[in-house]
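Participant: Our numbering puts the first residue of the sequence shown at 2, with every later residue one more than the last. First the structure, then my questions, so here it is.
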Amino acid sequence: MSTYDAVTDLPLTIESCELEPLELRFTEEFTRMKTLVRLRGDGQDGVGEDVTYDGLDHVALQAAGAPAGLAGSYTVDAFSRRLDEVELWPSPPVRETSRDYRRWAFESAALDLALRQAGRSLADAVGRDLSPLNFVVSMRLVPPTWEGPETADRLLRLLERYPNTRFKLDPGNGWTRELVDQLVATGAVDVLDLKGFYRGTPVDVRTDPELYRMVAEAFPAAWLEDPDLTDETLPVLEPHKDRLTWDAPIHSVADIEQRPWKPRVINIKPSRFGTLRRLFDTYDYCNPEGIGAYGGGQTELGVGRDQIQYLASLFHPDTPNDTAPGAYNAIEIADGLPTSPLEPRPARTGFGWDRAASTI
2 MSTYDAVTDL
12 PLTIESCELE
22 PLELRFTEEF
32 TRMKTLVRLR
42 GDGQDGVGED
52 VTYDGLDHVA
62 LQAAGAPAGL
72 AGSYTVDAFS
82 RRLDEVELWP
92 SPPVRETSRD
102 YRRWAFESAA
112 LDLALRQAGR
122 SLADAVGRDL
132 SPLNFVVSMR
142 LVPPTWEGPE
152 TADRLLRLLE
162 RYPNTRFKLD
172 PGNGWTRELV
182 DQLVATGAVD
192 VLDLKGFYRG
202 TPVDVRTDPE
212 LYRMVAEAFP
222 AAWLEDPDLT
232 DETLPVLEPH
242 KDRLTWDAPI
252 HSVADIEQRP
262 WKPRVINIKP
272 SRFGTLRRLF
282 DTYDYCNPEG
292 IGAYGGGQTE
302 LGVGRDQIQY
312 LASLFHPDTP
322 NDTAPGAYNA
332 IEIADGLPTS
342 PLEPRPARTG
352 FGWDRAASTI
């Protein structure tokens, strides 16, 4: 039985849908907006999180209210097919990729609700155990609007407080050999995100073969995520192609098969897949193909962070999962944060951790 088959026939009753705004101000120039999708039925509720990046899309959704046509009795699979017919966008999205993010919010909320109505957990339904979750902290060394030179100060402060922390870093065009040597000396970098698929965003990085060469040679054990493959970068990356991994272009099994060579590992961000079927089919595909996976997040502010941690704990707990508790995103790191590995805190029913014990 496939993973999706294990949940496809779960009965699902939806009586109402509510939208709840979330936001977190990271800097004076940037506030991250999200929308929680709460589906209710039979005295239970299931929750998902829309991680769409553009605030205008959240404003439009929240102003329009919950989409019409969701109430009814379904199975999980029938509800997914129903979503093909429901208009989730009161106005077109700023970015087409956001359609998958919003679809995931409704699909994950429906799965959560169906499991709660059935009195089961996702781990029970798919027949897998939850394991302690290894996580890395994903960070830029300085905010996108920073005008001075990049430094390792924030990373070093975090290591002083939590010395066993591992990192996923975004190399920037201002990285110097001196900075790289300082980072190498920590021995704490597992993944370097080269941002090769980002255009017109605050986190864009100009493709630079010499930057690629410097970090690839300096961090010989780190995964190199999402390089921009050009005539200039391919010769630089060829000796390191076994360490190349992919994130932004991966939305389905077909996307993995279209990579220029078979990857050893990929970043699976559930929200990029949109539907439960595409996500679960990808989990099922990777193992027999010998492809590893680590999880990724989208700066979730609510239950979405719990859910990506839960999935990573089920399917790839021992890899450099970019699923750290959200408090690690704060400019000033607090005391008493949970450290890696993160112990599972499963709810008795549903898709996610015990809501009373969440460490989002």
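Every residue gets a Cβ at the ideal spot worked out from N, C-alpha and C, and that includes glycine.
1. Write down the C-beta distance between residue 107 and residue 66 rounded to the nearest angstrom, noting that I regard them as a contact closer than 8 Å.
2. Less than 8 Å between the CB atoms is what I'm expecting for residue 173 and residue 206, so what's the real figure, rounded?
3. Work out the CA separation of residue 330 and residue 361 for me, nearest whole Å.
4. Give the secondary structure of residue 321 by DSSP, where H, G and I count as helix, E and B as strand, and everything else as coil.
5. Which of the three DSSP states, helix, strand or coil, is assigned to residue 7?
6. Bridge partners of residue 80, per DSSP?
7. Mapping DSSP to helix, strand and coil, what is residue 92?
8. Considering only the alpha carbon of each residue, which of 192, 208 and 190 lies closest to residue 198?
9. Could you give the distance in angstroms between the alpha-carbon of residue 332 and the alpha-carbon of residue 158?
10. According to the neighbour-count rule (16 or more other Cβ atoms, all chains shown, within 10 Å of its Cβ), is residue 273 buried or exposed?
11. I need the straight-line Cα distance from residue 3 to residue 317, nearest angstrom please.
12. Between the alpha carbons of residue 231 and residue 16, how many angstroms are there, rounded?
13. Return the CA-CA distance between residue 68 and residue 243, expressed in angstroms with no decimal places.
14. Quick test of the definition: if touching needs 3 or more C-beta pairs under 8 Å, does the stretch 305-312 touch the stretch 89-104?
15. Classify residue 188: buried if its beta carbon has 16 or more other beta carbons within 10 angstroms, exposed otherwise.
16. Out of 253, 221 and 212, point me to the one whose CA is closest to residue 233's CA.
17. Using a Cβ distance threshold of 8 Å, determine whether the stretch 283-291 contacts the stretch 251-258, with at least three qualifying pairs required.
18. Please state whether the Cβ-Cβ distance between residue 413 and residue 264 is less than 8 Å.
19. If we ignore side chains and look at the alpha-carbon of each, how far apart do residue 13 and residue 123 end up?
20. So the beta strand (DSSP E) residue 165 belongs to, where does it begin and stop?
21. How many angstroms separate the CA atom of residue 340 from the CA atom of residue 178?
22. May I ask you to report which of helix, strand or coil DSSP gives residue 12?
23. Around the Cβ of residue 224, are there at least 16 other Cβ atoms within 10 angstroms (buried) or fewer (exposed)?
24. Express the C-alpha separation of residue 215 and residue 152 in angstroms, rounding to a whole number.
25. With burial defined as no fewer than 16 other Cβ atoms inside 10 Å of the residue's Cβ, what is the status of residue 262: buried or exposed?
Facilitator: To lay it out plainly:
1. Actually they are not in contact, since the Cβ atoms of residue 107 and residue 66 sit about 14 Å apart, beyond 8 Å.
2. 6 Å
3. Only weak support is given to the placement of residue 361: the predicted model assigns it a pLDDT of 48, under 50, and the question is left unresolved by the model.
4. If DSSP states are grouped into helix, strand and coil, residue 321 belongs with coil.
5. Residue 7 falls in the helix class under three-state DSSP.
6. DSSP lists no partner for residue 80.
7. coil
8. Checking every option, the nearest Cα to that of residue 198 belongs to 208.
9. Rounded to whole angstroms, the gap between the alpha carbons of residue 332 and residue 158 is 11 Å.
10. buried
11. In a straight line, the C-alpha of residue 3 is about 17 Å away from that of residue 317.
12. Cα to Cα, the separation comes out at about 51 Å.
13. 45 Å
14. Touching, no, given that fewer than three Cβ pairs across the two stretches are closer than 8 Å.
15. It counts as exposed.
16. 212
17. yes
18. Since the first and last residues shown for the chain are 2 and 361, residue 413 lies out of range.
19. 14 Å
20. From DSSP, residue 165 is part of no beta strand (DSSP E); its letter is neither H nor E.
21. 30 Å
22. In this structure, residue 12 counts as strand in the three-state DSSP scheme.
23. buried
24. Whole-angstrom Cα-Cα distance: 17 Å.
25. exposed
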